[in-house]
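Chains A and B are the protein sequences, given in the same order.
Just so you know, we're using my numbering here: the first sequence kicks off at 56 and counts up by one.
Just so you know, we're using my numbering here: the second sequence kicks off at 242 and counts up by one.
Worksheet for the structure shown next.
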Amino acid sequence: MLTLIARRTLLALAMILAASALTFALIAAAPGNVAALIAERTAGPSASAELVQSIADDLGLNDPLPVRYGRWLSDSVAGDFGGSLRTGKPILEEFAERAPVTGLLLVCGGAIALIMSLTIGMLGAISNGGKIDSLLRALSLAGASTPNFFVAALLVMLFSVTLGWLPAFAGSSAASWIMPCLTIALFPCSVLSRVVRVNLQEIMSRPFATTGFAMGYTRLGVLTREALPNIAVPYLTTFGAQFTLMIIGSIVVETVFAMKGIGAFFIEAIRFRDFISMQATLLSFIMFFVFVNLFVDIICLLIDPRIRRQSNA
Amino acid sequence: MNKLKKEPLFKVKDLVIDLYTEQVSVRAVDSVNLEVNAGEILAVVGESGSGKTVMTLGPLGLLPEGVSVDIRGQSQCSGQDLLNKPARELAKLRGENFGIIFQDPISALNPMKKVGPQLASQAVRLRGVSKQQGKEIAIELLQRTGIPDPEDRYNRYPHEMSGGMLQRVMIALALVGNPKILIADEPITALDATVQAQILELLKDIQCRENIAIILITHDISVVAQMADQVAVLYAGRIAEYGTMEDVLTRPVHPYTKGLLSSVPDLRSKRGENASGPAGITGSPPDQSSLLPGCRFVERCPVAQTFCSKFRPPLEVLPHLSQRHFVACPVAVESTIEQMEGEAYEQ
Ligand SMILES: Nc1ncnc2c1ncn2[C@@H]1O[C@H](COP(=O)(O)OP(=O)(O)OP(=O)(O)O)[C@@H](O)[C@H]1O
Ligand SMILES: [Mg+2]
Numbered sequence: 056m057l058t059l060i061a062r063r064t065l066l067a068l069a070m071i072l073a074a075s076a077l078t079f080a081l082i083a084a085a086p087g088n089v090a091a092l093i094a095e096r097t098a099g100p101s102a103s104a105e106l107v108q109s110i111a112d113d114l115g116l117n118d119p120l121p122v123r124y125g126r127w128l129s130d131s132v133a134g135d136f137g138g139s140l141r142t143g144k145p146i147l148e149e150f151a152e153r154a155p156v157t158g159l160l161l162v163c164g165g166a167i168a169l170i171m172s173l174t175i176g177m178l179g180a181i182s183n184g185g186k187i188d189s190l191l192r193a194l195s196l197a198g199a200s201t202p203n204f205f206v207a208a209l210l211v212m213l214f215s216v217t218l219g220w221l222p223a224f225a226g227s228s229a230a231s232w233i234m235p236c237l238t239i240a241l242f243p244c245s246v247l248s249r250v251v252r253v254n255l256q257e258i259m260s261r262p263f264a265t266t267g268f269a270m271g272y273t274r275l276g277v278l279t280r281e282a283l284p285n286i287a288v289p290y291l292t293t294f295g296a297q298f299t300l301m302i303i304g305s306i307v308v309e310t311v312f313a314m315k316g317i318g319a320f321f322i323e324a325i326r327f328r329d330f331i332s333m334q335a336t337l338l339s340f341i342m343f344f345v346f347v348n349l350f351v352d353i354i355c356l357l358i359d360p361r362i363r364r365q366s367n368a
Numbered sequence: 242m243n244k245l246k247k248e249p250l251f252k253v254k255d256l257v258i259d260l261y262t263e264q265v266s267v268r269a270v271d272s273v274n275l276e277v278n279a280g281e282i283l284a285v286v287g288e289s290g291s292g293k294t295v296m297t298l299g300p301l302g303l304l305p306e307g308v309s310v311d312i313r314g315q316s317q318c319s320g321q322d323l324l325n326k327p328a329r330e331l332a333k334l335r336g337e338n339f340g341i342i343f344q345d346p347i348s349a350l351n352p353m354k355k356v357g358p359q360l361a362s363q364a365v366r367l368r369g370v371s372k373q374q375g376k377e378i379a380i381e382l383l384q385r386t387g388i389p390d391p392e393d394r395y396n397r398y399p400h401e402m403s404g405g406m407l408q409r410v411m412i413a414l415a416l417v418g419n420p421k422i423l424i425a426d427e428p429i430t431a432l433d434a435t436v437q438a439q440i441l442e443l444l445k446d447i448q449c450r451e452n453i454a455i456i457l458i459t460h461d462i463s464v465v466a467q468m469a470d471q472v473a474v475l476y477a478g479r480i481a482e483y484g485t486m487e488d489v490l491t492r493p494v495h496p497y498t499k500g501l502l503s504s505v506p507d508l509r510s511k512r513g514e515n516a517s518g519p520a521g522i523t524g525s526p527p528d529q530s531s532l533l534p535g536c537r538f539v540e541r542c543p544v545a546q547t548f549c550s551k552f553r554p555p556l557e558v559l560p561h562l563s564q565r566h567f568v569a570c571p572v573a574v575e576s577t578i579e580q581m582e583g584e585a586y587e588q
């Protein structure tokens, strides 16, 4: 069990290394010269070649790529992501300001997706081929195939423009968070409710479900007592994957609803060719991906007694 | 004689069960009549696909999902009608009156639940006892079903126990609600030979001590000989022969029963008979999705007559003393009666 966790953790660290090296290489290969950009911002469009050269020397941009990667990674791990080319502030400071926005968006979106998908999946399983089941299946399909920005636009048109119930831009009021959270939750919720429904159905045809009926439970009783605990592992695995994908969703949602989160920060960095911020954001995304999935993996190991008890067997 | 008049504990009458899936519709059970009394073991035998499982579990609403089921006829447990019952009431009745044991205990137990606490929670639910008492009952039941060191096994998950131990757990689980009827659907097929004998012994012991009726579904004639009071031989959803174990095993009448028994040589030789029936049965059971009028066995039958494929053979009583031996084959019944009369004449 512990060796299993240790192995997963090592694998996760290796993945972070590999993915960060790849993004570093890609961004280094991207057109545009950081030194020239900085010179342009400080001395105007007529910056001399010497100035560019000295800035590049200062930043160590002329060193070989592996050396630069090593330096960047060790600085980043120490929390020093460098300064934003756009705002001039340390990127860590930017992150500290913006992380709560994105964090809240992900947590609320994740919670909505969790509660709604379990409810919808259960309702489908209870209805089992009935009208409600078909309706929910169609809705999930629609939800999974509608892009975020389109959902956001529809919601804004309905609730802000037509009805005037909710503000179109996220601010400090709780109401202004409703639409961003719903938008970001829609896709994972649609996927997850299918996962719940399909896995419940599969488990209801297993012999131990029949044992549940034989013990005198109704269908609802068997669903909640026998089937639901058994979908935990597939559900959590998909939930982890969907939760990490929400960080991609946050890029769109934060931009559409003018929220000052990390997703929006990333878009701004791209727009201003702020390579240093882009690298830092991508690294944080990668770490988020890998750690959430590692966390879910470990929880799944702990949940399933067949794996958890392997060490005492 | 008294037994006949008394209302049986469990009975099905004119039971017809049709199964529909998207591909096929099957008449899995076709006008079956059966009775089980308290403290009696009824063995249901027949080939794979003959409808043993559907017939016993169907009336209880225990058929797997994904099939639509159409049940007609009657099915009663201590006078209560099982069909046409709302799902909630039927579930309650299942829990209170029936205990069910399946073929493969590993897949029949929830892999996420420890065996002991699961037993305990059922004791709390079905017997209305406290949690502490529930645990005591659970351990007692584990002990009772022959599980060594029950306190230790209490906290095991199914995957941490052997097949034989798990089948004992299944039996304990089936007994938690103090059932009147135990349904055992091929309870030993998936187990090792040595464990098989122990499980059968345990079932027999339960039946004797607690006066529980057992419906024992099996392929194995030697199990029937060892365990059963009554035997029902099922062929393609219909009863071919039905009677006491002695009658059916020592005086088989239906050509299908004879065929079944002839594949078990030691039983025949014990009775000192030479193999007069067919040596095993050739061919395979008919396709139950087509409903032809005549006898279902006709294609494989060694004594078939032309009319056999035209009319459904009725279940006829044989004139034994017991009046409890039924056979659905007029040809065989007639020749048996002739033979019996001949023997009586010789004497
Ligand atoms: N889930 C199902 N879907 C479709 N048909 C089924 C299903 N279960 C049973 N049947 C059909 O019903 C008939 C009776 O099946 P049943 O399972 O009762 O046979 P059985 O005598 O219990 O066989 P076995 O010895 O293999 O358990 C068979 O013809 C089978 O094809
Ligand atoms: Mg069966």
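Every residue gets a Cβ at the ideal spot worked out from N, C-alpha and C, and that includes glycine.
These numbers come from a predicted model, not from an experiment.
Taking C-alpha atoms, which residue in A:Val132, A:Gly165, A:Met56 lies nearest to A:Leu291?
If we check each option's Cα against that of A:Leu291, A:Gly165 comes out closest.
Roughly how many whole angstroms lie between the Cα atoms of A:Ala69 and A:Phe298?
21 Å
Could you give the distance in angstroms between the alpha-carbon of B:Arg512 and the alpha-carbon of B:Thr491?
With a pLDDT of 44 at B:Arg512, under the threshold of 50, the predicted position of this residue should be treated as unreliable, though the coordinate-derived value follows. Each residue's Cα considered, the two are about 7 Å apart.
Say whether chain A places a C-beta atom closer than 8 Å to the C-beta of B:Glu401.
Yes, B:Glu401 counts as interfacial toward chain A.
Using a Cβ-Cβ cut-off of less than 7 Å, list which residues of the stretch 319-332 of chain B approach chain A; keep chain order.
Residues of the stretch 319-332 of chain B whose Cβ lies closer than 7 Å to any Cβ of chain A, in chain order: Ala328, Arg329, Ala332.
Quick one: is the Cβ of B:Ser291 within less than 7 Å of any heavy atom of ligand 1?
yes
Excluding five sequence neighbours on each side, which residues of the same chain lie with their C-beta closer than 7 Å to the C-beta of A:Val345?
Ala67, Met70, Ile71, listed in sequence order.
Is B:Ala269 close to chain A? Criterion is C-beta to C-beta, closer than 8 Å.
no
Does the beta carbon of B:Glu582 come closer than 8 Å to any beta carbon on chain A?
no
DSSP on B:Lys293, reduced to helix/strand/coil?
helix
Are the CB atoms of B:Val253 and B:Ser316 within a distance shorter than 8 Å?
yes
Starting from B:Glu288, follow the alpha helix (DSSP H) in both directions and report where the run begins and ends.
Counting along the chain, B:Glu288 falls outside any alpha helix (DSSP H), and DSSP gives it neither H nor E.
Taking 8 Å as the threshold, find out whether the stretch 189-203 of chain A comes into contact with the stretch 263-281 of chain A through three or more Cβ pairs.
no
Would you check if the stretch 283-295 of chain B and the stretch 532-542 of chain B touch, i.e. whether three or more CB-CB distances between them fall below 8 Å?
no
With a threshold of 8 Å between beta carbons, is B:Asn351 in contact with chain A?
yes
To the nearest angstrom, report how far apart B:Ala379 and B:Leu416 are at their CA atoms.
10 Å
Who are the Cβ neighbours of A:Cys163 in its own chain at under 7 Å, not counting the five residues just before and after it?
Trp232, Cys236
Taking all protein chains shown into account, do 16 or more other C-beta atoms lie within 10 angstroms of the C-beta of B:Phe251, making it buried, or fewer, making it exposed?
buried
For the candidate residues A:Ala208, A:Leu191, A:Met342, whose alpha-carbon lies nearest to that of A:Cys244?
A:Leu191
Give me the Cα-Cα distance between A:Ile93 and A:Leu140, rounded to the nearest whole angstrom.
7 Å
Take every Cβ of the stretch 466-477 of chain B, pair it with every Cβ of the stretch 493-503 of chain B, and state whether three or more of those distances are shorter than 8 Å.
yes
State the DSSP-derived secondary structure class of B:Phe251, mapped to helix, strand or coil.
strand
Any beta carbon from chain B within less than 8 Å of A:Phe294's own beta carbon?
no
Does the beta-carbon of B:Cys570 have 16 or more other beta-carbons within 10 angstroms, so that it is buried, or is it exposed?
buried
Name the DSSP beta bridge partners of B:Pro591, please?
Outside the shown range of chain B (242 to 588) lies residue 591 of chain B, about which nothing can therefore be said.
At the level of alpha carbons, what is the spacing between A:Arg364 and B:Tyr398?
9 Å
Per DSSP, what kind of secondary structure is A:Ala154 in: helix, strand or coil?
helix
Rounded to the nearest angstrom, what separates B:Leu245 and B:Asn278 at their Cα positions?
In this prediction, B:Leu245 scores a pLDDT of 49, lower than 50, which makes its location untrustworthy; no coordinate-derived value is stated.
Between the beta-carbon of A:Ser172 and the beta-carbon of A:Val251, is there less than 8 Å?
At a Cβ-Cβ threshold of 8 Å, A:Ser172 and A:Val251 count as neighbours.
Could you work out which residues of chain A lie near B:Tyr398, taking near to mean beta carbons separated by less than 8 Å?
Pro360, Arg361, Arg364
Confirm the yes/no value for this check: CB of A:Arg313, any heavy atom of ligand 1, distance under 7 Å.
Note on identity: in this sequence residue 313 of chain A is Ala, with Arg being the wrong assignment. No, since every heavy atom of ligand 1 falls outside the 7 Å radius drawn around the Cβ of A:Ala313.
Do B:Asp271 and ligand 4 come close, with the Cβ less than 7 Å from some heavy atom?
Within the structure as shown, ligand 4 is missing, the only ligands being ligand 1 and ligand 2.
Among the candidates B:Gly336, B:Leu457, B:Gly387, whose CA atom is the shortest distance from the CA of B:Val410?
B:Gly387
With distance defined between alpha-carbon atoms, name the residue in A:Glu152, A:Phe340, A:Gly318 nearest to A:Thr78.
Considering only alpha carbons, the answer is A:Phe340.
What is the DSSP secondary structure of A:Cys163, reduced to helix, strand or coil?
helix
Since B:Cys318 is in the beta strand (DSSP E), which residue starts that stretch and which ends it?
309-318
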